[in-house]
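Residue numbers (the working numbering), protein chains in the order written: chain A, 267 to 524; chain B, -18 to 204. Only one structure is covered here, and it is reproduced in the block below.
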Amino acid sequence: MKGRAGRPPLWSYWVVLPSFVLLWGLIAWLLQSPLLPTPLNVLDTLIRESATGELWHHLGATLGRVVVAFILAMIIGTAIGIVMGRSPTTNALFDPLLVLLLNLPALVTIILMYVWFGLVEVAAVMAVVINKVPNVAVTVREGARSLDYRLEEMATVYEFTRWQRLREVWVPQLFPYLMAATRGGLALIWKIVLVVELLGRSSGVGFQLHMAFQVFDVAAILAYSLAFIAVVQLIELAILQPLERRSSRWRQPEAAHA
Amino acid sequence: MLELRIAGRDFGLPVLGEVFATIARGDRICLLGPSGIGKTTLLNAIAGLDKSVPESAVIGRNQLRVGYLFQEHRLLPWRTLNANLSLVGASDEEAETLLGQVGLSGYGHYLPDQLSLGMARRAALARCLAVKPDLLLLDEPFASLDPVMAGELKALIAGILDSRPKMAMICVTHDGEDAEILANRLWYLDGKPARLQWDDAIGEPGLIDGLLGRLRDLDLTGS
């Protein structure tokens, strides 16, 4: 699978990251400025925020929005992508809109949603979904176009039901594309959710960053960023990588089947 | 059982002319003809895979169960042989029995790409039989197999045909000898656009020799 192949050996993480923290600590100690706290300050803030429960509350709120927006965007985007990849008419109809949406800045969607629907949860999640759906659709469309016509013919001869065709023939072939959409999608959604929270919600990591920004509390900003990075990595290691391994088990190393 | 009234297929390649024929239960047809003439196209039209041939051109197909052995195995590579067979309606025991019949007992838990070409083709043949077909379509079943494997498969198919006297078969091949072993009827597709040049029943042994002689002559002049 792409992405994993170019990964350096594990020890490089254990060398580079601690060195970076050390360098950061050194500079912060030399500057002695509240605008660049030391790593220990940040750790302190992290522990304090976690002890009061604030950290978990806001991380949970962000995670909830990410999960809901991600699931909606994947379902809608996959459906649109499959239909566009299979039907030239639908593609002709939707492609111009897709180009429009792909180039629309995320910030515009967020502002419009808040203006039209008010500062409510539905508007926040919808803004994220609208930003994400075009990316999923474009990726899945590529997959739908490359579906093996030989297996299609086979499914026609053997009278597969619609559901069997989707589950047994299409999804396994689309899987690498769905995975790519998932990876790209999560990375994008995380970032958009923070902006959504910063602009119009009273909970979540984005909201907390906003509060910290107003009082120039850099330690809090870095503490929340660290917690955020940890959660993203945890999802990568605990969900995405096992899923990828599980679903590519049928691939034989020597398999020439296209 | 099945009546072909194909008016032709004038776009795309190869071009198919009018094809009229009836197929009865127990017919074992070998479809011969020069390569590239449209034998697979005709098979696809009969199977309902050719969108340019209307459904009304193949009368009776909707009432038939069709098993199609494609040139490639076209098993789902992410499913085991058992799962591939049960997807087309075979129970676990039926899958076991069918795999046994094609010489693949104990291979039910293998994935298609773990098998050799010949084994995968036999597994695909088992799937054809799993639908309990009224009509079996074989597209060059012996292509790219070594002579020993091809011979084994030929004997296997002959046995399957003998044990299912009501099943009809259409087998695309270039090889007249395949017809001698498998067929009781011979189609020869040739011309531009391609039509059935002959549609002959093979009865007494002398006839097939005559047909094959004519076929060899045509092959020589054609190539």
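We put the beta carbon where it would ideally sit given N, CA and C, even for glycine.
- Task: For the segment 335 to 343 of chain A and the segment 391 to 403 of chain A, state whether three or more C-beta atom pairs, one from each stretch, are separated by less than 8 Å.
- Result: yes
- Given A:Trp382, which residues of its chain have a CB within under 8 Å of its CB, disregarding the five upstream and five downstream residues? Indexing the first sequence from 1 puts residue 382 of chain A at position 116. These residues qualify, in order along the chain: Ala389.
- Span of the beta strand (DSSP E) around B:Ala2: Translated into positions along the second sequence, residue 2 of chain B becomes position 21. Taken as a continuous stretch (DSSP letters only), the beta strand (DSSP E) holding B:Ala2 covers Val0 to Ile4.
- Task: Show which residues of chain A have a CB atom less than 9 Å away from the CB atom of B:Arg60.
- Result: Counting from one through the second sequence, the residue named residue 60 of chain B turns up at place 79. Neighbours of B:Arg60 on chain A, chain order: Glu434, Pro438 and Trp516.
- With a Cβ-Cβ cutoff of 8 Å, do B:Leu80 and B:Leu68 count as a contact? Against the second sequence, residue 80 of chain B aligns to sequence position 99. Against the second sequence, residue 68 of chain B aligns to sequence position 87. Their beta carbons are not under 8 Å apart, which means B:Leu80 does not touch B:Leu68 by this criterion.
- Task: Find the nearest neighbour of A:Ile458 within the set A:Ala372, A:Leu432 and A:Gly347, judged by alpha-carbon distance.
- Result: As a working note, residue 458 of chain A is residue 192 in the first sequence. Of A:Ala372, A:Leu432 and A:Gly347, the residue nearest in Cα terms is A:Ala372.
- Message: Does chain A have any CB closer than 8 Å to the CB of B:Tyr49?
- Response: Locating residue 49 of chain B in the second sequence gives position 68, where the first residue counts as 1. Yes, because at least one Cβ of chain A sits closer than 8 Å to the Cβ of B:Tyr49.
- Query: Which stretch, first to last residue, makes up the alpha helix (DSSP H) that contains A:Gly351?
  - Reply: Your numbering for residue 351 of chain A matches position 85 in the first sequence. Residues Glu320 to Arg352.
- Report all residues from its chain with a CB closer than 7 Å to the CB of A:Ala489; omit the five preceding and five following residues, and keep chain order. By one-based count along the first sequence, residue 489 of chain A stands at place 223. Answer for A:Ala489: Val308, Thr311, Leu312 and Glu315, listed in chain order.
- Item | Cβ of A:Met420 within 8 Å of any chain B Cβ | Locating residue 420 of chain A in the first sequence gives position 154, where the first residue counts as 1. Judged by the 8 Å Cβ criterion, A:Met420 is in contact with chain B.
- Task: Closer than 7 Å by beta-carbon distance: list the chain A residues that pair up with B:Val69, in chain order.
- Result: Position 88 of the second sequence holds residue 69 of chain B. What B:Val69 touches in chain A: Tyr424.
- Message: Can you tell me where the alpha helix (DSSP H) holding A:Ile377 begins and where it ends?
- Response: Here residue 377 of chain A is taken as the residue at index 111 of the first sequence, counted from 1. Its alpha helix (DSSP H) spans residues Ala372 to Phe383.
- Item | Minimum C-alpha distance to B:Ala76 - residue among B:Trp168, B:Ala107 and B:Glu(-16) | Counted from its first residue, the second sequence places residue 76 of chain B at position 95. The shortest Cα separation from B:Ala76 among B:Trp168, B:Ala107 and B:Glu(-16) belongs to B:Ala107.
- Query: Under a Cβ-count criterion, where at least 16 other Cβ atoms within 10 Å of its own Cβ denotes burial, should B:His90 be classed as buried or exposed?
  - Reply: Counted from its first residue, the second sequence places residue 90 of chain B at position 109. It counts as exposed.
- Message: Please classify B:Glu158 as buried or exposed, where buried requires at least 16 other C-beta atoms within 10 Å of its C-beta.
- Response: On the second sequence, residue 158 of chain B is found 177 positions in, with the first residue counted as 1. The residue in question, B:Glu158, is exposed, as its Cβ has fewer than 16 Cβ neighbours within 10 Å.
- I think B:Val153 touches B:Leu(-17), with their Cβ atoms under 8 Å apart; what is that distance to the nearest whole Å? As a first step, residue 153 of chain B is located in the second sequence; it is residue number 172 there, counting from the start. As a first step, residue -17 of chain B is located in the second sequence; it is residue number 2 there, counting from the start. Not a contact, Cβ separation roughly 16 Å.
- Message: Could you check whether A:Ala447 and A:Val394 sit closer than 8 Å to each other, using their CB atoms as the reference points?
- Response: Walking along the first sequence from the start, residue 394 of chain A turns up at place 128. Walking along the first sequence from the start, residue 447 of chain A turns up at place 181. No, they are not a contact pair.
- Query: Listed in chain order, which residues of the segment 4 to 24 of chain B have Cβ atoms closer than 8 Å to some Cβ of chain A?
  - Reply: none
- Taking only the alpha-carbon atoms, compute the straight-line gap between B:Pro128 and B:Gly99 and give it to the nearest angstrom. Within the second sequence, the letter at position 147 stands for residue 128 of chain B. Within the second sequence, the letter at position 118 stands for residue 99 of chain B. Roughly 11 Å separates the two Cα atoms.
- Item | CB-CB length for B:Thr21 against B:Asp120, believed under 8 Å | Looking up residue 21 of chain B in the second sequence gives position 40. Looking up residue 120 of chain B in the second sequence gives position 139. Contact holds; Cβ gap of about 6 Å.
- Could you give the residue range of the alpha helix (DSSP H) that holds B:Gly48? Against the second sequence, residue 48 of chain B aligns to sequence position 67. Element bounds for B:Gly48: not the alpha helix (DSSP H) but the beta strand (DSSP E), Val47 to Leu50.
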